[in-house]
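According to UniProt numbering, the sequence shown holds residues 1 to 339 in order. Yeah, the Cβ is synthetic: ideal placement off N, Cα and C, and Gly gets one too. Written out below as structure tokens is the structure these notes cover.
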Amino acid sequence: MTTDVAPDKAPLRAWLPGFFALAAIWGSSFLFIKVGVAELHPVQLTLYRVVSGALTLLVVLAVLRDRLPREPRVWAHLFVVAAFGVAVPFTLFGYGEQRVESMLAGIWNATTPLIVLPLAVLVFRTERLTVRRAIGLGLGFLGVLVVLGVWEGIGGAHFVGQLMCFGAAACYGVAIPYQKRFVAGSAHSGLSLSTAQLLLAAVQLAVVTPFVAGAPPLPTELSPKVVASVLTLGALGTGLAFVINMRNIRVAGASTASTVTYLIPIFAVLIGAVVLDERLNWHQPVGALIVLLGVAVAQGLFGRRRPRPVAGVGAPATPAAEPAEPAAPAAEPAAPARG
């Protein structure tokens with residue numbers, strides 16, 4: 001939910017390829033979850049995904065000669081973020097996709113900013129509620145009702161699956177403002193904080209998984225497509241995608257980078273339709289468009305003013321809210337979130 005200003009006229013060729021690559025990676029995550037839960041329990045899938053993502057970021061951390069946080073307070077807050085930003089939502093998306101289409105899970109992921117805002121305003125006090133944001137929330141809530149198709153009745157496995165995906169987005173809605181309130185002000189890099197976050201989530205899942213789903217099967221017991229899906233989810237979608245997102249923020253600015261939120265469900269729908277031959281009811285994409293419109297209104301994408309240059313200098317003003325390092329994403333970035 002940041003509104004940081006982009007660098008002065010960064011050329012499109014400098015950030016647009018990475019921007020679309022990120023949307024494609026995170027949009028395809030729902031396809032790989034769908035493939036993974038065909039043979040793995042959702043908790044087991046999340047465990048393998050988080051472990052491979054953590055290992056990937058540890059390698060990047062070593063290459064860049066960065067280091068993990070050392071303060072117990074930071075680790076304590078990251079433990080909460082790891083639960084609500086990684087372990088629980090990743091698992092809920094897995095449970096949800098046992099019951100609904102992968103493209104529908106991608107649509108529910110797009111509701112995250114609408115959940116972040118009221119929690120940031122009422123609970124964590126990191127944002128202010130304005131008329132514009134209230135209108136955006138109202139539109140988003142209307143879109144949620146349309147996606148659910150509430151006029152068709154409530155109940156059934158499909159409806160429960162949608163609620164699980166919405167619950168995953170709600171977890172991101174807790175993790176993002178919590179992270180902004182208690183973690184983002186630390187001196188550590190976003191890469192360092194995200195690596196620690198994934199390590200903590202891996203520990204949480206390693207403890208819980210045997211009690212919920214039993215010991216996870218060995219990779220040799222899984223089909224090649226499931227193994228490939230897990231590795232892609234972890235190494236690419238949960239690991240390297242963060243590095244791409246960090247670069248997008250530095251080159252294009254946080255506001256521009258955050259608009260990847262609007263492309264993720266588009267890629268999720270296209271990939272689900274082409275690869276899995278999934279189909280949506282008419283009201284689900286219509287509701288998704290209303291949700292995205294609500295997000296756009298709430299985030300001020302309409303009528304946003306560019307900053308004026310400093311008088312007498314001619315250089316663009318440096319935004320006060322622009323951090324030296326981006327906050328670590330809740331396994332997906334501060335504004336956009338992925339499944």
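Rounded to whole angstroms, residue 160 and residue 99 show a C-alpha spacing of 8 Å.
Annotated three-state conformation of residue 77 is helix, per DSSP. Straight through space, the alpha carbons of residue 92 and residue 42 are spaced by roughly 8 Å. Taking all protein chains shown into account, residue 223 has fewer than 16 neighbouring C-beta atoms within 10 Å of its C-beta and is therefore exposed. Here the region 138-145 makes no contact with the region 188-203; the two share fewer than three CB pairs at distances below 8 Å. Buried is the label assigned to residue 83, since at least 16 other Cβ atoms lie within 10 Å of its Cβ.
Assignment of residue 248 by DSSP, reduced to helix, strand and coil, places it in the helix class.
Where residue 109 is concerned, the enclosing alpha helix (DSSP H) starts and stops at 102-109. Exposure of residue 210 is indicated by the presence of fewer than 16 other C-beta atoms within 10 angstroms of its C-beta.
Judged by beta-carbon spacing, residue 22 lies beyond the 7 Å limit of residue 297, meaning their Cβ atoms are not closer than that value. C-alpha of residue 86 to C-alpha of residue 176: approximately 11 Å in a straight line. Only residues of its own chain outside the window of five on either side were considered, and among them 198, 199, 202 have a CB closer than 6 Å to the CB of residue 54, listed in chain order.
In this structure, 299 is the residue among 40, 229, 299 with its C-alpha nearest to the C-alpha of residue 262. Distance from the Cα of residue 66 is smallest, within the candidate group 188, 238, 252, for 188. Taking each of 35, 120, 136 in turn and checking the Cα distance to residue 294, the smallest one comes out for 136.
Only buried fits residue 88, as 16 or more other CB atoms lie within 10 angstroms of its CB.
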